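These notes concern the structure reproduced below.
Residue numbers (my numbering): 690 to 822.
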């Protein structure tokens, strides 16, 4: 049963990675694909699923009883379903469309070199004092 758990964890990691990739590369980035959520929530979740999947698969082969045909079949079906879902998402076409849209926008990063300079004092043409009476 550990082989099936491992393959399912790896499949979830792959689906989560593909979803995060599509969300993060989208020019109109959804809220859940923001930098802080990707860095603090999604990336550890993906890595956790990968580590759990590898660990479960390793445990399946370290035991006294090796996985049977039923477990191999269930693992193969879950992997095939995951590959089918990723193929149906059309990841390559969407990424190419996102890249083309970004190129059409012509987004250029402009650096503000004024930021490190001290603020300039305003020049007043008129003095700010009154004549003595």
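All residues carry an ideal CB built from backbone N, CA and C; glycine is no exception. Treat the numbers as computed from the prediction; the structure is a model and nothing was measured.
query, result
"Same chain, Cβ closer than 6 angstroms to residue 791, neighbours up to 5 away in sequence not counted", "716"
"Cβ pair residue 705, residue 741 closer than 8 angstroms", "no"
"Exposed unless 16 or more other CB atoms sit within 10 angstroms - verdict on residue 735", "buried"
"Neighbour flag for residue 764 against chain C, beta carbons, 8 angstroms", "In the displayed structure, chain C is absent; only one protein chain is listed."
"DSSP state of residue 715 mapped onto helix, strand, coil", "coil"
"Other residues of its chain near residue 780: CB distance less than 8 angstroms, five sequence neighbours each side excluded", "707, 710 and 711"
"Reference residue 700; option with closest CA among 726, 728 and 764", "764"
"CB contact flag (residue 718, residue 784, <8 angstroms)", "no"
"Contact check, residue 698 vs residue 738, beta carbons under 8 angstroms", "yes"
"Alpha-carbon spacing of residue 762 relative to residue 693, whole angstroms", "9 angstroms"
"Reference residue 691, options 794, 744 and 733, closest by Cα", "744"
"Collapsed DSSP secondary structure at residue 754 in the structure displayed", "coil"
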